[in-house]
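Chains as they are written, first to last, in the working numbering: chain A, 17 to 609; chain B, 227 to 415. Where a beta carbon is used, it is the ideal one built from N, C-alpha and C, also for glycine. Structure first, then comments.
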């Protein structure tokens, strides 16, 4: 049966066909849909969102040791969080097969960096697969489980955005039940210093065996054409290269990339006159080719950053892209992403913008959009959960200056708080800085497209569960200064900030209002009665054209320069009333639906 | 011969559903098909694109600069933003529909004038009024399907069994209105 699948859908299909029984992940572009699609196989696979990637991979490690086939999926930076258990699990080895899927982002479409996670396979000494399209994603997923079990090792399956989010045709098959392997107690896998020596040796022995596999597997193959130019590539880059060169050059296509096949590379490089290494991010293959003693054109020729899409290859090799149309581009106005009409983060930005001498420690989520126009709120953004801890360190440093009155406000969302923000808040509390810590609880994981989390009361597969009460959690940790507010109530927001700024100890402000795009649960509808059901309207008779409402950055509000009046588009407006509260002449009123 | 169709618009306009139906139809017609999208921030009113390529064997899912045979723009200004991806011999179908971006809403910029003239000067451009047509059908949400209909006609793909694709892909209550939208879209080109 043929299906048109994205790489992410194909991975989920491959997991199901391979007999996977347990999977876990934390959402992150471009990996999110892997677990979402796996969750659809409800009868066969238990799929669970974890609070962060480290927890996800640890749960998966446990499932593997207990005897089932299992995988964890995450975006490239997520593997940094999960790296600690990964490296030791490489020593321990599997019972049921275990695959870690890393979705890398050459071109950083939705990420804070462009790191190359192929280095992790080499670093943690585990085998690696790199699919180039959806069919390969599915097939390699199945083969990865066989290799994992045959060589007693976790496996890294490395994808990139264009593999994750591109659709191509996949021939699907049926599920092969892998069952639950018997669990036998084995003291040799207990990773303590007295055992590590033996495990360490096994890891090296395993790599030697995997080298043999890399030489013989048909995942690494040569396509001989004209030998003037030979291209070595893996993943999406192989497809991009084929698009440009077709059958005019020879190829060494690498699908299994740790360990790399020395003999195959040497055979290929010695028979072609010029070698192009086409790869995104780091010179991972290139450095290996150079170690083997072959000269090549790699990062000294192709760009060191961004995607190696066909136009990039064409420009590098031939000096120009395809012919394009020359036109007046000045007519194109930017279209940056914005906070939605009714976004519960808006009220916080509006009020915080009025505070002087404030440094904002930002985090990963929709509220990152606050750093752009018209709010310009956000001094830095590092990684998940870093706002509270980086804010703490900054505040401690600012406080070292005599007479400094700089205050740090740190901000993160509910899912980011659960991810790693809790640890950061512990640091703030334990060491007692006077930072103002805001948890923007919009009742869902927003940025990645609405995933349930420990605070929503539901699991990925729709089961009702315990809802973590953020206020109780924070108070339980020992924070004395806690307030919960409706972020659309600007007076409440202002009072909360005034109160928090007056304190010389840590404080936590929790906002609680649903994301406007959230599919509301029964509980949401009870708690936020009538939410998103009304509209606001501007009375042009009263509007003085001061643009205070425009400065809230709401995409439902526009300003007509000809008549010098603001108007509200009723379609996107959900009646959050932020504009109504900032209007100095009360020109904005509420229209009940 | 590989054909490349570039569908562009603004997050929320339904380019993804339109390209999903399009690619499913192409696959059922026996073509090799690839499609690429960039997800992430698009839900928040950013510029979006779906890149569809089909033929005997398709390698890259990505349409390169100067690589599209046809540009289908769900929004007027987006057509110009993406024009550099069109082949000089290509053509454009443009929805005569404006969505103001944040810098326009705030009064910092005006919605640009003369877009249609600029497009028409450079390439064969067909303007369609999918919004008006969708309103006539009775549901603004089928604007994307009307544009899909226009694409089908422009690329000569009418022989594919679109009725089956629609029936397999949308809820029963919406089959009729979507089929009507495809028919209307085809009549516009």
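Cβ neighbour criterion (16 or more within 10 Å) applied to residue i
{"i": "residue 53 of chain A", "result": "buried"}
{"i": "residue 149 of chain A", "result": "buried"}
{"i": "residue 204 of chain A", "result": "exposed"}
{"i": "residue 315 of chain B", "result": "exposed"}
{"i": "residue 160 of chain A", "result": "buried"}
{"i": "residue 195 of chain A", "result": "exposed"}
{"i": "residue 430 of chain A", "result": "buried"}
{"i": "residue 289 of chain A", "result": "exposed"}
{"i": "residue 79 of chain A", "result": "buried"}
{"i": "residue 227 of chain B", "result": "exposed"}
{"i": "residue 485 of chain A", "result": "exposed"}
{"i": "residue 343 of chain B", "result": "exposed"}
{"i": "residue 209 of chain A", "result": "exposed"}
{"i": "residue 181 of chain A", "result": "buried"}
{"i": "residue 258 of chain A", "result": "buried"}
{"i": "residue 376 of chain B", "result": "buried"}
{"i": "residue 214 of chain A", "result": "exposed"}
Pair within 8 Å by beta-carbon distance, residue i and residue j
{"i": "residue 51 of chain A", "j": "residue 39 of chain A", "result": "yes"}
{"i": "residue 410 of chain B", "j": "residue 378 of chain B", "result": "no"}
{"i": "residue 423 of chain A", "j": "residue 452 of chain A", "result": "yes"}
{"i": "residue 291 of chain A", "j": "residue 265 of chain A", "result": "no"}
{"i": "residue 272 of chain A", "j": "residue 230 of chain A", "result": "yes"}
{"i": "residue 97 of chain A", "j": "residue 70 of chain A", "result": "yes"}
{"i": "residue 376 of chain A", "j": "residue 427 of chain A", "result": "yes"}
{"i": "residue 93 of chain A", "j": "residue 397 of chain A", "result": "no"}
{"i": "residue 324 of chain A", "j": "residue 296 of chain A", "result": "yes"}
{"i": "residue 573 of chain A", "j": "residue 566 of chain A", "result": "yes"}
{"i": "residue 368 of chain B", "j": "residue 404 of chain B", "result": "yes"}
{"i": "residue 475 of chain A", "j": "residue 64 of chain A", "result": "yes"}
{"i": "residue 130 of chain A", "j": "residue 177 of chain A", "result": "no"}
{"i": "residue 91 of chain A", "j": "residue 45 of chain A", "result": "yes"}
Endpoints, the alpha helix (DSSP H) within which residue i is located
{"i": "residue 316 of chain B", "result": "Looking at the DSSP string, residue 316 of chain B is not in any alpha helix (DSSP H); the run it does join, the beta strand (DSSP E), is 312-321."}
{"i": "residue 508 of chain A", "result": "506-518"}
{"i": "residue 254 of chain A", "result": "251-261"}
{"i": "residue 433 of chain A", "result": "Looking at the DSSP string, residue 433 of chain A is not in any alpha helix (DSSP H), and its letter there is neither H nor E."}
{"i": "residue 403 of chain A", "result": "402-416"}
{"i": "residue 404 of chain B", "result": "398-413"}
{"i": "residue 472 of chain A", "result": "That residue, residue 472 of chain A, is in no alpha helix (DSSP H); it is neither H nor E in DSSP."}
{"i": "residue 157 of chain A", "result": "150-166"}
{"i": "residue 27 of chain A", "result": "23-33"}
{"i": "residue 366 of chain A", "result": "362-368"}
{"i": "residue 373 of chain B", "result": "369-380"}
{"i": "residue 353 of chain B", "result": "Taken as a continuous stretch (DSSP letters only), residue 353 of chain B belongs to no alpha helix (DSSP H), being part of the beta strand (DSSP E) at 351-354."}
{"i": "residue 344 of chain B", "result": "341-348"}
In DSSP terms, what residue i is bridged to
{"i": "residue 91 of chain A", "result": "A/119"}
{"i": "residue 552 of chain A", "result": "A/606"}
{"i": "residue 246 of chain A", "result": "A/266, A/291"}
{"i": "residue 294 of chain B", "result": "B/312"}
{"i": "residue 277 of chain B", "result": "B/232, B/262"}
{"i": "residue 576 of chain A", "result": "A/581"}
{"i": "residue 145 of chain A", "result": "A/173, A/272"}
{"i": "residue 86 of chain A", "result": "A/38, A/114"}
{"i": "residue 427 of chain A", "result": "A/454"}
{"i": "residue 461 of chain A", "result": "A/467"}
Residue range of the unbroken beta strand (DSSP E) whose run includes residue i
{"i": "residue 286 of chain B", "result": "Residue 286 of chain B -> no beta strand (DSSP E), and no H or E assigned at all."}
{"i": "residue 528 of chain A", "result": "523-528"}
{"i": "residue 236 of chain A", "result": "236-239"}
{"i": "residue 355 of chain A", "result": "Careful: residue 355 of chain A lies outside any beta strand (DSSP E) and carries neither H nor E."}
{"i": "residue 229 of chain A", "result": "No beta strand (DSSP E) holds residue 229 of chain A; the alpha helix (DSSP H) holding it covers 209-232."}
{"i": "residue 452 of chain A", "result": "452-457"}
{"i": "residue 617 of chain A", "result": "Shown here, chain A extends from 17 to 609; a query on residue 617 of chain A therefore has no answer."}
{"i": "residue 187 of chain A", "result": "182-187"}
{"i": "residue 378 of chain A", "result": "374-378"}
{"i": "residue 247 of chain B", "result": "First-last for residue 247 of chain B: 241-254, but that is the alpha helix (DSSP H), not the beta strand (DSSP E)."}
Whole-angstrom C-beta distance between residue j and residue i, which should lie under 8 Å
{"i": "residue 348 of chain B", "j": "residue 320 of chain B", "result": "Contact flag wrong, Cβ pair sits at about 12 Å."}
{"i": "residue 290 of chain B", "j": "residue 338 of chain A", "result": "6 Å"}
{"i": "residue 584 of chain A", "j": "residue 552 of chain A", "result": "6 Å"}
{"i": "residue 235 of chain B", "j": "residue 304 of chain B", "result": "6 Å"}
{"i": "residue 164 of chain A", "j": "residue 110 of chain A", "result": "6 Å"}
Legend entry - Within 9 Å of chain C by C-beta, residues of the stretch 562-577 of chain A in sequence order: In the structure shown, chain C cannot be found, because the protein chains are A and B.
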